[in-house]
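Report on one structure; see the data block that follows.
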Amino acid sequence: MRTPSEIDALFHTTYARNQIILERGKGCRLWDTSGKEYLDFFAGIATASLGHDHPAICETLAKQSAQLMHVSNLYYSLPQAELAAWFTKHSCADRAFFCNSGAEANEAAIKLTRKYSHAKHGSAIPIILTAQQSFHGRTLATLTATGQTKYQKGFEPLVAGFEHVPFNDIAALEETVQKLTQAGKSERVFAAILLEPLQGEGGVTPGQRDYFLAARQLCDKHGALLIFDEIQCGMGRSGKLWGYEKLGVEPDIFTSAKGLAGGFPIGAMVAKESVSVFQHGEHGSTFGGNPLACAVACTVAGIIGASSFLEQVEKKGTELQNGLTKLLTKFPNHLQGTRGWGLIQGLVLKEDSELTTSILSARALEHGLLLIGAGPKVVRLVPPLIISSAEIQEGLEILERILAQ
Ligand SMILES: Cc1ncc(COP(=O)(O)O)c(C=O)c1O
Numbered sequence: 032m033r034t035p036s037e038i039d040a041l042f043h044t045t046y047a048r049n050q051i052i053l054e055r056g057k058g059c060r061l062w063d064t065s066g067k068e069y070l071d072f073f074a075g076i077a078t079a080s081l082g083h084d085h086p087a088i089c090e091t092l093a094k095q096s097a098q099l100m101h102v103s104n105l106y107y108s109l110p111q112a113e114l115a116a117w118f119t120k121h122s123c124a125d126r127a128f129f130c131n132s133g134a135e136a137n138e139a140a141i142k143l144t145r146k147y148s149h150a151k152h153g154s155a156i157p158i159i160l161t162a163q164q165s166f167h168g169r170t171l172a173t174l175t176a177t178g179q180t181k182y183q184k185g186f187e188p189l190v191a192g193f194e195h196v197p198f199n200d201i202a203a204l205e206e207t208v209q210k211l212t213q214a215g216k217s218e219r220v221f222a223a224i225l226l227e228p229l230q231g232e233g234g235v236t237p238g239q240r241d242y243f244l245a246a247r248q249l250c251d252k253h254g255a256l257l258i259f260d261e262i263q264c265g266m267g268r269s270g271k272l273w274g275y276e277k278l279g280v281e282p283d284i285f286t287s288a289k290g291l292a293g294g295f296p297i298g299a300m301v302a303k304e305s306v307s308v309f310q311h312g313e314h315g316s317t318f319g320g321n322p323l324a325c326a327v328a329c330t331v332a333g334i335i336g337a338s339s340f341l342e343q344v345e346k347k348g349t350e351l352q353n354g355l356t357k358l359l360t361k362f363p364n365h366l367q368g369t370r371g372w373g374l375i376q377g378l379v380l381k382e383d384s385e386l387t388t389s390i391l392s393a394r395a396l397e398h399g400l401l402l403i404g405a406g407p408k409v410v411r412l413v414p415p416l417i418i419s420s421a422e423i424q425e426g427l428e429i430l431e432r433i434l435a436q
């Protein structure tokens, strides 16, 4: 069997991988090749929402792969139609485009926005405002949309047409929009605001309702589009199906991926009828919306979309948050606060503590708990949405032990 360092030598050095080889999973548990067991508080970065080896997913995969796996978008397929219909029934969107990842879904949203803006404003350069600390993907356009220079450094020139504003800061947003919409600036036009309802990678920071309302009003006033990136906080993770439901503000376009098919690759860009301006041949994807991915997503959506399931996510999220708050009182030297929605929770480490998320997640790994950071000072807790109360307590106990070390 190959060792982790032998495996490393086969790849571009894009990932700082943990030195274990994961072999199998069941529910919220994973096992490595040495047989060591891990409790999963990470879910493949908020993706394996129904955990590992979920019987309904396995059954759908087996059935659909035997029936039809790929046909191209030059034909219709029933799983794709069913998934698009699910989106129209369970969200504010009327039309769907399917692809294979989050970045691709955001690329599609950016292209749709540009098309819409050119139809409305002619050749003026469409400017999309995004938030500082946001994360929207690794392709060149989504990298530029991302409001964190650490992801952009070394990949210049970046793509034109993006400006970053502070997150949850209404005055700064209004000021930027005012500058963009001033008379005499006709070579550039305010085309859209793209936001995560809760910033995941950027530090598990929930959006504030007033800020999102202000963004909606500014877009309505200037004929711009409001786009939400629901890739990490959507598909039930917040305790609502969509993060925007937490805020009570509807977008014109939103994107989904990660948990949409519980770990099977898929992305979606969905939009209201009024902004769906793509014409034949203007966008596409070979694999996007293939029957296999869509069938799995339909199965996952059927489970997660049930109100009883979402109530459980809310309940488990409260249990997790209560446990984290207790840790806060026990370790005031290290911990500063907690924040999050449902089963996307952040434990904020004090700036002056020697602890970082890499130190904590390395210690957690030794103790059989898989954790991930959202930056150096926020531990991100994103377990499978099917996690039990007992597993939450078990994870919290391990966290307490490693904080006490
Ligand atoms: C909010 C958000 N948008 C976009 C992406 C990019 O998704 P993908 O890695 O599937 O391209 C991510 C991935 O972490 C994300 O969290």
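Our numbering puts the first residue of the sequence shown at 32, with every later residue one more than the last.
No residue lacks a Cβ here, since even glycine has one placed at the ideal position from N, Cα and C.
Keep in mind the model is a prediction, meaning the values are calculated, not measured.
- In this structure, the alpha-carbon of residue 406 lies about 43 Å from that of residue 106.
- Residue 129 sits buried, since 16 or more C-beta atoms from the chains shown fall within 10 Å of its C-beta.
- The C-beta separation of residue 320 from residue 49 comes to about 33 Å, leaving the pair out of contact by the 8 Å criterion.
- In the three-state scheme derived from DSSP, where H, G and I count as helix and E and B as strand, residue 243 is classed as helix.
- About 18 Å separates the beta carbon of residue 415 from that of residue 133, a gap too long to meet the 8 Å contact definition.
- Scanning its chain for C-beta atoms nearer than 8 Å, with the 5 sequence neighbours on each side dropped, one finds around residue 272 the residues 121, 122, 265, 266, 335, 336, 341, in chain order.
- For residue 333, there is no enclosing beta strand (DSSP E); the residue is part of the alpha helix (DSSP H) that begins and ends at 322-335.
- Residue 304 carries a helical assignment under DSSP once its states are collapsed to helix, strand and coil.
- DSSP, reduced to helix, strand and coil, places residue 432 within a helical segment of the structure shown.
- For residue 109, the number of other beta carbons within 10 angstroms of its own is below 16, and it is reported as exposed.
- In this structure, the alpha-carbon of residue 223 lies about 26 Å from that of residue 117.
- Distance from the Cα of residue 225 is smallest, within the candidate group 231, 232, 236, 285, for 285.
- Scanning its chain for C-beta atoms nearer than 6 Å, with the 5 sequence neighbours on each side dropped, one finds around residue 269 the residues 277, 372, 373, in chain order.
- Secondary structure of residue 181 (DSSP, three-state): helix.
- In the DSSP assignment, residue 39 falls within the alpha helix (DSSP H) that extends over 35-39.
- Proximity to residue 245 across 201, 315, 425 peaks at 201, based on C-alpha coordinates.
- Each of 409, 383, 427 was checked against the Cα of residue 400, and the nearest Cα belongs to 427.
- Taking non-hydrogen atoms of ligand 1 into account, the C-beta of residue 398 is found less than 7 Å away from none of them.
- Counting every other CB atom within 10 Å of its CB across the protein chains shown gives residue 137 a total of 16 or more, marking it as buried.
- Residue 237 carries a strand assignment under DSSP once its states are collapsed to helix, strand and coil.
- Its chain contains 133, 134, 137 as the residues whose beta carbon lies nearer than 6 Å to that of residue 168, once the 5 sequence neighbours on both sides are disregarded; these appear in chain order.
- Contact fails between the segment 137-151 and the segment 352-362, because fewer than three Cβ pairs, one in each stretch, are under 8 Å apart.
- Collapsing the DSSP output to three states places residue 195 in a strand.
- Rounded to the nearest whole angstrom, the C-alpha separation of residue 190 and residue 119 is 32 Å.
- Under a 10 Å Cβ-count criterion, residue 37 is classified as exposed, with fewer than 16 other Cβ atoms of the shown protein chains found around its own Cβ.
- Taking a C-beta distance under 8 Å as the contact criterion, residue 327 and residue 91 qualify as a contact pair.
- Bridge partners of residue 404 according to DSSP: 410.
- Within the model, the alpha-carbon separation for residue 77 versus residue 212 is close to 38 Å.
- In this structure, the CA atom of residue 253 is about 8 Å from the CA atom of residue 221.
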